[in-house]
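Each remark here refers to the structure printed beneath this line.
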Amino acid sequence: VGGVSQSTGPEGTKTPPSCGRVGRWWPDPVPPAMSRRVVRQSKFRHVFGQPVKADQMYEDIRVSKVTCDSSFCAVNPKFVAIIVESGGGGAFIVLPLAKTGRVDKNHPLVTGHTAPVLDIDWCPHNDNVIASASEDTTVMVWQIPDYVPVRNITEPVVTLEGHSKRVSIISWHPTARNVLLSAGCDNLVILWNVGTGEMLLALDDMHTDLIYNVGWNRNGSLLVTTCKDKKVRVIDPRKQQIIAEKTKPHDGTRPIRAIFVADGKIFTTGFSRMSERQLGLWDLGASWNRTQRLFRGTDPDPLRFPPVPCPVLTVSPSPQERFAPHEGLRPVRAIFTREGHIFTTGFTRMSQRELGLWDPGFWGHCSHPSTTAPAPQNNFEEPIALQEMDTSNGVLLPFYDADSSIVYLCGKGDSSIRYFEITDEAPYVHYLNTYSSKEPQRGMGFMPKRGLDVSKCEIARFFKLHERKCEPIVMTVPRKVSLGGSQGRWGSGGRPPHISPWSLSLPQSDLFQDDLYPDTPGPEPALEADEWLSGKDAEPILISLRDGYVPIKNRELKVVKKNILDSKPPPGPRRSHSTCDSDFSQPALEEVLEEIRVLKETVQAQEKRICDLENKLCQFTNGTD
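Its first residue numbered 1, the sequence shown is counted upward by one per residue in full-length UniProt numbering.
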């Protein structure tokens with residue numbers, strides 16, 4: 001269409017139209033006065049993705065082929081963990097980030113489950129602790145040494161048993177130490193105190209069918225879940241109460257995903273009745289005086305989301321209920337945004353993939369400038385935004401960056417990553433770009449912000465799983481830095497309007513881009529498990545990335561009472577192989593192995609000498625005694 005240009009960045013990254021509103025196309029020429037209004041300003045408009053070089057990939061990894069909507073990969077600033085194929089049980093491999101290239105076929109694995117591993121998750125407060133969930137109905141927590149072990153890790157620190165069917169979801173609490181969530185095919189959500197191995201809470205009467213995904217809000221006070229019964233629920237786990245519920249956020253039958261995003265909204269992805277992928281934005285009622293409307297996209301082209309205003313929202317009794325968040329029958333995913341809204345992914349009735357943003361409307365405890373303001377409305381009746389994307393069978397996995405308010409959508413079986421910015425201006429969910437490649441992805445890992453290279457304006461890093469390798473993909477804001485200030489001479493927009501960002505040289509900068517890197521959650525927990533269980537909430541403890549982040553070696557957990565993760569076996573003459581692994585450092589282990597090699601050579605030499613002496617003795621005695 002005249003007046004709209006589309007360029008292609010490196011490795012197939014597409015740029016959005018150069019002018020025009022989201023989903024609205026203007027004829028050429030565009031009046032100058034109008035062009036100033038229709039181009040949305042954002043420092044993330046030109047974010048692009050680029051894969052690393054071949055020698056920086058992880059190759060010869062047999063990625064798991066089990067049928068599950070898990071991401072199969074977990075990453076932190078020290079390690080990348082990948083679920084792999086394993087005979088006679090389940091296993092995953094843990095690699096130091098610096099150990100790139102071809103992985104030895106005999107590289108030690110983390111084994112211990114008697115059935116395939118379905119999900120893994122690194123502890124946000126200890127980079128050496130990882131949890132795994134399996135078809136064998138158990139959850140195991142492992143301590144990973146900083147050095148590469150010489151044999152498989154087979155003994156977990158603690159085994160958590162409480163599910164009656166396979167466990168497909170695990171997630172650590174974002175602010176409380178040692179609190180771990182697990183969800184299984186028995187429709188049960190369990191909260192554990194990993195430090196004592198005890199079950200804290202069991203949510204056993206809230207889901208009537210298979211749970212698709214579970215997500216925490218920013219301070220860990222609420223959960224958002226999606227279920228095969230086509231409902232998105234917001235749960236207060238400590239009160240064991242459903243405080244908001246939405247039926248069919250997407251019309252399709254496939255899985256829905258939901259996350260909390262900024263300002264208390266919920267972002268969803270799902271499918272329409274025609275199997276078109278959809279996205280939706282839902283308002284839970286954090287704002288009293290703002291009128292929210294539904295924006296529904298009908299064009300499957302991901303570059304076009306024409307907004308169609310619908311009637312204003314209505315109020316319904318508590319608990320909040322809303323029918324058809326996604327009309328499709330496939331799984332729905334849901335996650336919280338930073339301020340409590342919910343982002344979902346699902347399907348329409350026609351199997352189009354769909355995303356949505358929602359406001360459940362339960363924020364009566366939120367502060368408001370007016371003390372006489374009325375009770376918040378139930379805005380969960382209609383989404384803030386609902387957009388259809390494309391037709392595909394792959395479930396959309398949403399990854400949310402709270403610092404930049406960007407949601408990245410990675411579809412299993414897709415070869416692309418789409419990303420959107422969530423703001424308070426219509427249409428609320430703004431398409432930014434698409435990273436495209438040739439090969440489909442079997443899973444995806446997402447690096448925490450503290451593991452990024454801030455000197456290169458890196459705002460996200462993904463670890464894309466292929467059939468036999470793991471490929472890191474770096475998301476970068478193109479920005480040239482001068483000595484004039486931290487934003488550079490091009491300001492917060494990131495580039496001059498007449499130069500393509502792909503043609504820019506991106507050298508390492510000595511100046512910190514403070515507008516790209518606000519303080520981010522660090523590894524220090526804000527609460528103990530007992531404090532959180534008693535009803536206390538706390539925001540994450542933030543750290544600055546101005547000087548970069550250096551992972552702490554062998555970080556010990558600080559506990560108030562005895563903690564299994566800190567326990568050490570008593571000294572004694574008999575010790576197991578698993579305890580030996582944790583006591584030897586890499587140099588000491590190499591020294592012991594060298595001593596063993598020398599002793600073997602000495603024994604062989606002495607045996608040869610003894611044999612020679614016996615032969616000489618036989619000559620002097622003529623073979624007699």
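Don't be surprised by glycine CBs; every beta carbon is placed ideally from N, CA and C.
Given the structure is predicted, the values throughout are model-derived calculations rather than measurements.
Straight-line gap, residue i to residue j (C-alpha atoms, nearest Å)
| i | j | result |
| --- | --- | --- |
| T621 | L599 | 33 Å |
| V224 | T337 | 11 Å |
| I422 | H430 | 6 Å |
| Q56 | K239 | 47 Å |
| I243 | G411 | 30 Å |
| S534 | T434 | 44 Å |
| A382 | V232 | Per the sequence shown, the amino acid found at residue 382 is Glu instead of Ala. The straight-line gap from Cα to Cα measures roughly 13 Å. |
| C366 | Y428 | With a pLDDT of 36 at C366, under the threshold of 50, the modelled position of this residue cannot be trusted, and the question is left open. |
| R257 | L222 | 16 Å |
| P448 | T247 | 32 Å |
| V129 | E155 | 13 Å |
| A54 | I473 | 12 Å |
| A131 | I610 | 55 Å |
| W192 | F267 | 27 Å |
| P587 | M140 | 29 Å |
| V52 | E471 | 7 Å |
| F446 | M475 | 11 Å |
| I596 | E590 | 10 Å |
| D127 | D414 | 30 Å |
| I190 | L355 | 28 Å |
| V75 | K608 | 53 Å |
| R465 | K438 | Residue 465 is actually Leu in this sequence, not Arg. Looking at the two C-alpha atoms, the distance is approximately 13 Å. |
| residue 672 | R450 | Absent from the model: residue 672. The displayed extent of the chain is 1 to 625, so no value can be given. |
| I259 | L279 | 11 Å |
| V344 | R333 | Here the sequence assigns Thr to residue 344, which means Val is not the residue at that position. Using only the alpha carbons, I get a separation of about 5 Å. |
| P440 | K469 | 12 Å |
| P309 | K105 | At P309 the pLDDT is 30, less than 50, meaning the model places this residue with poor confidence and gives no usable figure here. |
| G220 | P525 | 12 Å |
Within-8 Å CB hit, residue i to chain D
| i | result |
| --- | --- |
| C611 | Structure shown: chain D not included; a single protein chain is present. |
Close-in-space but distant-in-sequence residues of the same chain around residue i (CB under 6 Å, 5 per side omitted)
| i | result |
| --- | --- |
| residue 627 | This structure gives no information on residue 627, because the portion of the chain shown stretches from 1 to 625. |
| P518 | D403 |
| N187 | H207 |
| D530 | none |
| V117 | I83, G90, F92, S132 and S134 |
| R546 | F512 |
| P124 | W172 |
| I153 | V110 |
| V395 | D69, P255, P331 and K412 |
| K616 | none |
For residue i, the residue or residues it bridges with in DSSP
| i | result |
| --- | --- |
| D119 | A133 |
| R433 | The sequence shown places Asn at residue 433, rather than the Arg named in the question. Looking at the DSSP assignment, N433 forms a beta bridge with Y419. |
| G413 | Per DSSP, none; premise fails for G413. |
| T269 | R257 and L355 |
| S275 | S351 |
| V103 | Per DSSP, none; premise fails for V103. |
| W282 | I266 and P383 |
| Q241 | D236 |
| W142 | I130 |
| G90 | H113 |
| F336 | I342 |
| G445 | F463 |
Chain-order list of residues whose beta-carbon lies under 8 Å from that of residue i (same chain, five-residue window excluded)
| i | result |
| --- | --- |
| T138 | H113, T159, L160, E161, H163 and V167 |
| K536 | L527 |
| I406 | F44, V47, Y400, Y419, F420, E421, I422, L432, I459 and A460 |
| L210 | C185, N187, C227 and K228 |
| V103 | Y58, E59, D60, I61, I93 and L95 |
| Q241 | I235 |
Cut-off 7 Å between Cβ atoms - residues of its own chain near residue i, not counting five sequence neighbours on either side
| i | result |
| --- | --- |
| G101 | D55 and E59 |
| E467 | V63 and R442 |
| E614 | none |
| G548 | V454 |
(request) Mind the definition here: the region 138-154 touches the region 105-124 only if three or more C-beta pairs lie below 8 Å; say whether that holds. (result) yes
(request) Spell out a yes or no on whether the region 193-201 and the region 209-217 are touching, meaning 3 or more CB-CB pairs, one atom from each, closer than 8 Å. (result) no
(message) For the region 535-542 against the region 56-72, do three or more pairs of beta-carbon atoms, one drawn from each stretch, fall closer than 8 Å, so that the two count as touching?
(response) no
(request) Could I get the ranges of all uninterrupted alpha helix (DSSP H) runs contained in the region 156-226, with 4 residues as the minimum, in chain order? (result) none
(request) Report the residue ranges of all beta strand (DSSP E) runs contained in full by the region 57-87; include only those spanning at least 3 residues, in chain order. (result) You should have 73-75 and 79-84.
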